[in-house]
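Protein sequence lines, in the order shown, are assigned to chains V and E.
With the working numbering, the residue at position 220 of the first sequence is 220, and numbering never jumps.
With the working numbering, the residue at position 23 of the second sequence is 23, and numbering never jumps.
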Amino acid sequence: MDFLNAIVALSNFVLIPAIAYGSQLALGALGVTLIYGILRFSNFAHGDTMAFGAMIAVMVTWWFQSMGLNFGPLPTALLALPFAILGTMVLVLITDRMVYKFYREQKAKPVILVIVSMGVMFIMNGLVRFIIGPNDQKFADGERFIISVRDFKAMTGLKEGLAIKTTQGITVVVAVICVALLFWFLNRTRTGKSMRAYSDNEDLALLSGINPERVVMYTWLIVAALATTAGVLYGLDKSFKPFVYFQLLLPIFASAIVGGLGSPVGAIAGGFVIAFSEVTITYAWKKVLVYLMPESLEPDGLVQLLSTDYKFAVSFVILIVVLLFKPTGLFKGKSV
Amino acid sequence: MKKLLLATAAGALLAGAASAEEIKLGVIMGFTGPIESLTPAMAAGGELAMKEVSESGKLLGGSTVVPVRGDSTCVDAGAATAAAERLITSDGVKGIVGADCSGVTGAILSNVAMPNGVVMISPSATSPALSNAEDNGVFFRTSPSDARQGQVMADVLMEKGFKSAAITYTNNDYGKGLADSIAAAFKEKGGEVTAVTAHEDGKADYSAEVGALASAGGDILIVAGYVDQGGPGIIRAALDTGAFDTFALPDGMIGAALEANFGDEIEGSVGTVPGGEATNTDMIVKMIMSDSYDSSGPYIGESYDAAALIMLAMQAAGSSDPQVYKDKVMDVANAPGEKINTGELAKGLEILAAGGEIDYVGATAVELIGGGEAAGGYREIVIEGGKITTAQFR
């Protein structure tokens with residue numbers, strides 16, 4: 001019984017939150033890694049692209065709610081997601097035409113493009129705050145839990161409770177669907193193959209008649225869809241606040257780099273590595289250990305390696321370790 | 001500004017009276033900064049007392065009192081110190097009503113008020129650290145220290161039968177001071193504090209913080225945070241993961257947003273808010289009512305009382321010299337003597353002029369204890385049927 005309690009407590013506070021958070025990071029990191037692989041620069045505006053997409057989803061959700069439209073037990077935001085993706089696609093295409101295209105034609109060095117993307121980041125950041133304001137916005141609705149703590153305890157009779165939020169379930173399901181679609185697209189379709197070819201060797205791809213502007217456009221469209229989905233899922237699961245997306249940039253980049261920049265599989269693996277490290281290192285293990293250890297060995301302290309304030313420091317440390325010992329990342333991406 | 005002009009005009013009219021002087025009092029509050037929406041009403045409360053005294057013409061043979069405002073910014077100690085320096089050296093104020101926030105109040109006290117020997121009465125600085133600050137007897141406050149709130153909270157928890165508690169606080173002077181005082185008081189009464197951890201405001205997700213607190217365990221979670229900031233995030237995460245279902249909420253967490261966010265989900269949670277049964281700020285609020293600012297905020301009565309105490313102490317000492325009247329502040333605030341309520345300052349001045357004694361009650365039932373801080377009444381609240389209800393006064 002104690003063993004079961006330990007597993008339930010671990011799932012409730014570590015596994016489930018880390019899996020949901022990992023899925024959100026993975027989706028974000030996929031976007032970053034695609035841009036890096038195909039357009040060859042680190043897109044610092046990615047966090048704010050997520051914020052922009054989530055903002056449109058929030059506003060469309062409110063509009064639907066005001067019309068009384070809902071999605072039954074699922075959050076209305078899922079209905080709003082396609083509209084948000086369209087809106088974000090328009091935004092990134094406009095940005096590309098107005099800003100990045102100019103530098104692409106100049107054959108600007110990647111480091112210049114990174115700085116340019118920072119400029120874009122500040123503009124988007126301001127745009128989002130200007131439209132929706134800097135505060136927390138609530139837009140989650142529908143059923144809150146798949147299993148609530150109370151139900152779980154009643155069902156199993158265990159001392160520990162387990163809660164799975166609807167948003168956590170949706171996050172994982174949507175992430176799996178997105179990833180499957182993305183890999184199908186990259187490996188099976190003509191456009192996807194031309195994107196990979198362009199990523200592997202730009203000159204060869206040009207020689208074989210691939211239109212670079214088309215590849216770039218498709219990349220932006222996919223990135224917009226991924227960023228918006230990641231942003232909406234994160235907002236649903238946690239809460240929507242523009243500044244938070246800016247802070248997410250660090251773990252997202254850490255995920256992409258740990259996995260290997262330019263490698264989609266790596267981005268997913270990196271997302272989960274970062275999420276699990278952040279959660280397990282800052283978790284206080286006392287509760288789990290008390291169930292598992294014999295009474296004489298029970299810990300007095302919290303058995304917490306680092307205070308939760310150091311969450312972001314964990315991403316940094318992993319990033320540095322990976323860059324020192326395996327600069328191409330776990331899955332052989334491009335070296336930074 | 002209008003008040004200032006009025007007071008100045010009144011001062012000009014009375015200038016002819018024999019031996020009467022024009023006494024300047026500083027009003028240092030955060031007119032810009034994080035509590036800028038609260039300070040206009042607080043300052044108006046203090047200035048109302050000055051106007052009342054000036055109009056009575058009974059202070060020190062017809063002296064008038066003129067307020068001079070300074071901006072404490074609430075957060076920038078440098079700016080606050082400079083503002084106080086200006087009031088004392090160039091305007092020559094004889095006393096200061098303020099400052100408002102704990103951090104800047106400590107800075108002004110040690111850098112300006114104490115070296116210059118000017119009396120300072122803060123209406124709203126509640127940090128326990130100020131109780132032991134070196135002040136040469138010039139610093140008082142009409143608000144209670146959070147050390148007191150810690151004891152009240154510990155009493156409430158003990159009476160409700162909570163034997164162990166985890167504490168999380170917002171990571172600043174207010175949160176830390178309050179959390180420490182609650183933890184100390186609770187332990188002293190035999191309770192067990194399983195964990196004391198900080199949380200940062202403005203994060204999207206507090207499940208990691210709550211995970212650590214859940215691991216520590218406890219009958220109840222004490223959230224010493226802000227109701228518009230990280231506090232609700234902590235409560236939400238704790239409810240979602242089933243870590244805690246009752247909460248103890250100090251003053252910063254009590255607000256209408258709490259009912260709106262959680263309703264009966266936090267049924268049975270308890271809280272404490274400053275404010276005794278006898279609190280009477282209605283009259284002041286009515287007098288300072290204005291369209292240009294919100295007069296429903298806290299600490300308006302305390303500001304009125306702070307100004308009133310300075311002027312009554314001057315009268316009792318027969319001098320507007322801070323070094324002389326500073327010893328009289330405690331005398332006029334506490335028993336024995338005739339009780340003086342809001343709007344009765346003239347009566348108090350008369351009694352003091354005749355050599356009698358007064359016990360100033362004012363808007364917030366002022367009773368100064370220890371090094372000169374309000375004993376402070378607290379309202380114990382409980383969440384019942386999804387509403388914040390008053391259980392009793394302490």
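Just so it is clear, CB atoms sit at the ideal spot from N, CA and C, and this is done for glycine as well.
When burial is assigned at 16 or more other CB atoms within 10 Å of the CB, is residue i buried or exposed?
i: Glu380 of chain E; result: buried
i: Val232 of chain V; result: buried
i: Pro34 of chain E; result: exposed
i: Glu384 of chain E; result: exposed
i: Gly72 of chain V; result: exposed
i: Met314 of chain E; result: buried
i: Gln149 of chain E; result: buried
i: Met50 of chain V; result: buried
i: Gly157 of chain V; result: exposed
i: Glu159 of chain E; result: exposed
i: Trp184 of chain V; result: exposed
i: Met289 of chain E; result: exposed
i: Met155 of chain V; result: exposed
i: Thr89 of chain E; result: exposed
i: Pro110 of chain V; result: exposed
i: Val32 of chain V; result: buried
Between residue i and residue j, what straight-line distance do the alpha-carbon atoms span, to the nearest angstrom?
i: Thr241 of chain E; j: Ile56 of chain V; result: 29 Å
i: Leu96 of chain V; j: Val193 of chain E; result: Note that residue 96 of chain V corresponds to Asp in the displayed sequence, not to Leu. Their Cα atoms are separated by approximately 56 Å.
i: Ser292 of chain E; j: Gly95 of chain E; result: 27 Å
i: Arg69 of chain E; j: Ala353 of chain E; result: 29 Å
i: Ala15 of chain E; j: Lys24 of chain E; result: A caution first: Ala15 of chain E carries a pLDDT of 45, below 50, which makes its placement in the model too unreliable to give a value.
i: Ala17 of chain E; j: Leu87 of chain E; result: Here the model assigns Ala17 of chain E a pLDDT of 41, short of 50, so the residue's position is not dependable, and the following value carries that caveat. Their Cα atoms are separated by approximately 26 Å.
i: Leu13 of chain E; j: Lys58 of chain E; result: Low per-residue confidence applies at Leu13 of chain E: pLDDT is 49, beneath 50, and the placement is therefore not dependable enough to give any value.
i: Arg236 of chain E; j: Val8 of chain V; result: 20 Å
i: Gly362 of chain E; j: Tyr325 of chain E; result: 19 Å
i: Ile222 of chain V; j: Gly142 of chain V; result: 28 Å
i: Ile257 of chain V; j: Lys326 of chain V; result: 10 Å
i: Trp63 of chain V; j: Thr76 of chain V; result: 10 Å
i: Phe262 of chain E; j: Thr272 of chain E; result: 18 Å
i: Glu267 of chain E; j: Val156 of chain E; result: 16 Å
i: Asp205 of chain E; j: Val75 of chain E; result: 26 Å
i: Asn309 of chain V; j: Ile281 of chain V; result: Residue 309 of chain V is actually Asp in this sequence, not Asn. Between Asp309 of chain V and Ile281 of chain V, the C-alpha separation is close to 11 Å.
i: Pro232 of chain E; j: Leu258 of chain E; result: 7 Å
i: Val336 of chain V; j: Ile38 of chain V; result: Unreliable positioning characterises Val336 of chain V in this predicted model, as indicated by a pLDDT of 47, which lies under 50. The coordinate reading is nonetheless provided below. So the two alpha carbons sit approximately 14 Å from each other.
i: Pro322 of chain E; j: Val119 of chain E; result: 6 Å
i: Asn172 of chain E; j: Gly78 of chain E; result: 18 Å
i: Ser199 of chain V; j: Val321 of chain V; result: 27 Å
i: Ala254 of chain V; j: Phe312 of chain V; result: 10 Å
i: Glu105 of chain V; j: Thr219 of chain V; result: 17 Å
i: Ala248 of chain E; j: Met195 of chain V; result: 57 Å
i: Phe44 of chain V; j: Ser307 of chain V; result: 28 Å
i: Asp245 of chain E; j: Glu47 of chain E; result: 45 Å
i: Ser215 of chain E; j: Ala284 of chain V; result: 6 Å
i: Tyr291 of chain V; j: Ile146 of chain V; result: 26 Å
i: Ser54 of chain E; j: Thr64 of chain E; result: 5 Å
i: Asn5 of chain V; j: Val173 of chain V; result: 26 Å
i: Gly386 of chain E; j: Pro274 of chain E; result: 21 Å
i: Asp251 of chain E; j: Ile28 of chain E; result: 23 Å
i: Leu130 of chain E; j: Val128 of chain V; result: 42 Å
Which residues does DSSP pair with residue i in a beta bridge?
i: Gly26 of chain E; result: E:Val68, E:Ile96
i: Arg379 of chain E; result: E:Val273, E:Phe393
i: Val223 of chain E; result: E:Thr168
i: Ile147 of chain V; result: V:Ile164
i: His199 of chain E; result: E:Thr170
i: Arg141 of chain E; result: E:Ser122, E:Glu373
i: Leu249 of chain V; result: Beta-bridge pairing links Leu249 of chain V to no other residue.
i: Asp359 of chain E; result: E:Lys339
i: Lys387 of chain E; result: E:Glu384
i: Glu415 of chain E; result: The requested residue 415 of chain E is not part of the displayed model; chain E covers only 1 to 394.
| query | In chain order, which continuous runs of the alpha helix (DSSP H) of length 4 or greater are located wholly inside the segment 261-317 of chain V? | reply | For secondary structure counted as the alpha helix (DSSP H) over 4 or more consecutive residues, the segment 261-317 of chain V holds these complete runs in sequence order: 264-282, 286-292.
| said: I want to know whether the segment 15-33 of chain V touches the segment 261-278 of chain V - three or more CB-CB distances under 8 Å. | reply: Verdict: yes, contact present.
| message | For the structure I just gave you, are there three or more beta carbon pairs, one from the segment 225-240 of chain V and one from the segment 76-88 of chain V, closer than 8 Å? | response | Taking 8 Å as the limit for Cβ pairs, the verdict is that the segment 76-88 of chain V does touch the segment 225-240 of chain V.
| query | Hey, is the segment 132-149 of chain E in contact with the segment 104-120 of chain E, meaning 3+ C-beta pairs nearer than 8 Å? | reply | Contact check between the segment 132-149 of chain E and the segment 104-120 of chain E: three or more CB pairs, one atom from each, fall below 8 Å, which counts as touching.
| Contact between the segment 164-183 of chain E and the segment 215-228 of chain E: three or more CB pairs below 8 Å? | Flag = yes, the segment 164-183 of chain E and the segment 215-228 of chain E touch.
| Sequence ranges, alpha helix (DSSP H) only - wholly within the segment 30-88 of chain V, length at least 4 | Listed in chain order, they are 46-66.
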